[in-house]
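Working notes, beginning with the structure itself.
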Amino acid sequence: MSFCAKNQKVRSAFITKQLDHFFPDPQPPLDHSCAFTLLIAVLLSAQCTDARVNLVTPALFAKAPTPQTMQYLTEQEIFECIQTCGLAKSKSRYIKELSQQICEEFAGQVPSTMKELESLSGVGHKTAGVVLCQAFGKNAFPVDTHILRCAERWGLSKSKSVSGVEKDLKKAFPESLWGKIHLQIIYFARQFCPARMHVASQCPICQHLAKKD
Numbered sequence: 008m009s010f011c012a013k014n015q016k017v018r019s020a021f022i023t024k025q026l027d028h029f030f031p032d033p034q035p036p037l038d039h040s041c042a043f044t045l046l047i048a049v050l051l052s053a054q055c056t057d058a059r060v061n062l063v064t065p066a067l068f069a070k071a072p073t074p075q076t077m078q079y080l081t082e083q084e085i086f087e088c089i090q091t092c093g094l095a096k097s098k099s100r101y102i103k104e105l106s107q108q109i110c111e112e113f114a115g116q117v118p119s120t121m122k123e124l125e126s127l128s129g130v131g132h133k134t135a136g137v138v139l140c141q142a143f144g145k146n147a148f149p150v151d152t153h154i155l156r157c158a159e160r161w162g163l164s165k166s167k168s169v170s171g172v173e174k175d176l177k178k179a180f181p182e183s184l185w186g187k188i189h190l191q192i193i194y195f196a197r198q199f200c201p202a203r204m205h206v207a208s209q210c211p212i213c214q215h216l217a218k219k220d
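The sequence shown runs 8 to 220 under our numbering.
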């Protein structure tokens with residue numbers, strides 16, 4: 008039965024219950040072995056599918072699994088490993104530069120604060136948030152296009168900006184659940200709430216909420 012969840016707490020509780028039902032234990036979709044390899048994988052995922060990233064990173068990490076080794080690869084060597092990812096030329100430069108930064112400015116260790124991560128070459132707010140959540144277990148709510156779409160459809164945010172949506176989602180869900188719900192929404196969006204060919208009546212969440220496309 009459909010309902011109009013005017014109370015944000017009711018809406019959020021319903022969404023949380025549905026996400027827990029379909030994806031009770033979401034795992035990070037990018038293959039990695041440490042904070043550094045996760046950082047590189049997330050950087051590569053911009054304008055590229057997770058599946059493609061997981062195909063190219065084994066060869067790259069076989070050559071250089073640490074910032075100490077990555078900094079000595081040339082941009083061309085990095086490019087040859089990641090060339091099938093979008094924006095590969097720019098990403099090759101970022102990977103070399105951030106590896107050098109980590110070695111020179113952070114004693115070879117991936118930093119664990121938002122400000123420090125965002126100071127790295129090519130690392131934006133979303134990438135930093137993913138690393139904080141998945142590598143360091145800190146509470147952050149990274150927002151990608153899937154989450155932007157669902158937040159609007161589910162009436163969780165009216166904001167048109169990433170920062171605004173992030174702020175609204177942080178208010179909607181308990182801080183201890185941010186990292187988990189971030190992953191749950193991504194998996195749910197891919198399976199039930201896609202950008203194209205979306206049918207609200209067939210989506211386990213959209214069919215029950217008042218917000219329509």
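For every residue, glycine included, the Cβ atom is placed at its ideal position computed from N, Cα and C.
- Residue state for His28 is assigned as helix, using DSSP reduced to three classes.
- Distance from Lys70 to Cys88 at the Cβ level is roughly 7 Å; contact confirmed, criterion being Cβ atoms closer than 8 Å.
- When secondary structure is reduced to three states using DSSP, Arg59 falls in the helix class.
- In this structure, the alpha-carbon of Ala66 lies about 38 Å from that of Gly171.
- In this structure, Pro149 and Phe29 do not form a Cβ contact; the two beta carbons are roughly 20 Å apart against a cut-off of 8 Å.
- Going by C-alpha positions, Gln25 is about 12 Å away from Gln214.
- If the five residues before and after Thr73 are omitted, its C-beta is found closer than 7 Å to the C-beta atoms of Phe43, all from its own chain and listed in chain order.
- Pro36 and Asn14 have their C-alpha atoms roughly 33 Å apart.
- Within the segment 32-112, complete beta strand (DSSP E) segments of at least 3 residues are not found at all.
- The Cβ neighbour count for Lys96, taken over all protein chains shown within 10 Å, is under 16; the residue is labelled exposed.
- Around the beta-carbon of Ser168, fewer than 16 other beta-carbon atoms lie within 10 Å, marking it exposed.
- Taking 7 Å as the cut-off, the beta carbon of Ser19 is found closer than this to the beta carbon of Ala179.
- Within the segment 165-213, complete alpha helix (DSSP H) segments of at least 4 residues are found at 169-179, 185-199, given in chain order.
- The three-state reading of DSSP puts Leu139 in helix, counting H, G and I together.
- In this structure, Lys187 is the residue among Glu125, Leu50, Lys187 with its C-alpha nearest to the C-alpha of Lys145.
- Of the candidates Glu84, Asp27, Gln75, Gln75 places its Cα closest to the Cα of Ala114.
- If you look at Ala147, you'll find it isn't in any alpha helix (DSSP H); DSSP assigns it neither H nor E.
- Going by DSSP, Leu124 is part of the alpha helix (DSSP H) stretching over 121-125.
- For Arg156, the CB contacts under 8 Å within the same chain, skipping 5 residues up- and downstream, are Ala196, Cys200, Ala202 in chain order.
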